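*Asks:* Numbering (this note's numbering), first residue to last: 61 to 222. Just so it is clear, CB atoms sit at the ideal spot from N, CA and C, and this is done for glycine as well. If you're wondering where the values come from, they're calculated on a predicted model, not measured in any experiment. Here you go, one structure.
Here you go:
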């Protein structure tokens, strides 16, 4: 549940900062990118600190080298989080993280079905809904307008004076 809270709180704080005048946070994708980056930082770090053993246990037995898989996915989440914060790579990072969410979904189902979830979400349907929400957020950034760190709207674009 912590990743959801992080995503919502950070996105809302950044969105509010954009409404209060921080220009580069005005496009809706910028706060969402920040929220996703914070969320993937939290989940990526969990692969190394605190929940590593539980995450290794979540890897379905059919997959080889569970420890290595947890390490690789943790690194990918951390790299993806950083890439979300850099405008030139944000869109592709969101696409890659979308793919990662889809690829890791079977481990979430396996964990839910076998009581191995390291949090309060230990049933398949709530866990699936959460994954769909995270996937929707990454896809929204991937498909959304590009943010270049500038205001997307100005009087100049309407033909008025700046």
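What is the DSSP secondary structure of residue 125, reduced to helix, strand or coil?
*Replies:* In the chain shown, counting from the first residue as 1, residue 125 sits at position 65. Residue 125: coil per DSSP, three-state reduction.
*Asks:* Measure how close the beta-carbons of residue 71 and residue 105 come, nearest whole angstrom, since I'm counting them as under 8 angstroms.
*Replies:* Mapped onto the chain shown, residue 71 falls at position 11. Mapped onto the chain shown, residue 105 falls at position 45. About 19 angstroms; that fails the 8 angstroms criterion.
*Asks:* Kindly indicate which three-state DSSP category residue 270 falls into: helix, strand or coil?
*Replies:* Because residue 270 is not part of the residues shown, which for the chain are 61 to 222, the question remains open.
*Asks:* Classify residue 159 as helix, strand or coil using the three-state DSSP reduction.
*Replies:* Here residue 159 corresponds to residue number 99 of the chain shown, with the count starting at 1. Reduced to three states, the DSSP call for residue 159 is helix.
*Asks:* Give me, in chain order, the residues of the same chain whose beta-carbon lies closer than 6 angstroms to that of residue 119; leave out the 5 immediate sequence neighbours on both sides.
*Replies:* Mapped onto the chain shown, residue 119 falls at position 59. Taken in chain order, the residues that qualify are 126, 129 and 167.
*Asks:* Between residue 140 and residue 204, what straight-line distance do the alpha-carbon atoms span, to the nearest angstrom?
*Replies:* Position 80 of the chain shown holds residue 140. Position 144 of the chain shown holds residue 204. Whole-angstrom Cα-Cα distance: 17 angstroms.
*Asks:* Quick check on residue 164: does DSSP put it in helix, strand or coil?
*Replies:* Along the chain shown, read from residue 1 onward, the residue named residue 164 stands at position 104. Helix at residue 164.
*Asks:* Within the continuous alpha helix (DSSP H) that includes residue 64, where are the two ends?
*Replies:* Numbered from its first residue, the chain shown carries residue 64 at position 4. 62 to 79 is the extent of the alpha helix (DSSP H) around residue 64.
*Asks:* Could you check if residue 161 is buried or exposed, using at least 16 other CB atoms within 10 Å of its CB as the buried criterion?
*Replies:* Position 101 of the chain shown holds residue 161. Buried is the call here.
*Asks:* Skipping 5 residues on each side, what residues in its chain have a beta carbon closer than 7 angstroms to that of residue 124?
*Replies:* Here residue 124 refers to the residue found at position 64 of the chain shown. So the list is empty, once near-sequence residues are dropped.
*Asks:* Helix, strand or coil: how does DSSP classify residue 82 here?
*Replies:* Counting from 1 along the chain shown, the entry for residue 82 is found at position 22. Here residue 82 sits in coil by DSSP.
*Asks:* How would you label residue 121, buried or exposed, when you count the other beta carbons within 10 angstroms and need 16 or more for buried?
*Replies:* Counted from its first residue, the chain shown places residue 121 at position 61. By the neighbour-count rule (16 or more Cβ atoms within 10 Å), residue 121 is not buried but exposed.
*Asks:* In angstroms, rounded to a whole number, what distance separates the CA positions of residue 77 and residue 193?
*Replies:* The sequence position of residue 77 within the chain shown is 17, counting from 1. The sequence position of residue 193 within the chain shown is 133, counting from 1. Computed Cα separation, rounded: 23 angstroms.
*Asks:* Please look up how many angstroms separate the CB atoms of residue 63 and residue 103, rounded, as I've assumed it's under 8 angstroms.
*Replies:* In the chain shown, the residue the question calls residue 63 occupies position 3. In the chain shown, the residue the question calls residue 103 occupies position 43. That pair is a contact at about 5 angstroms.
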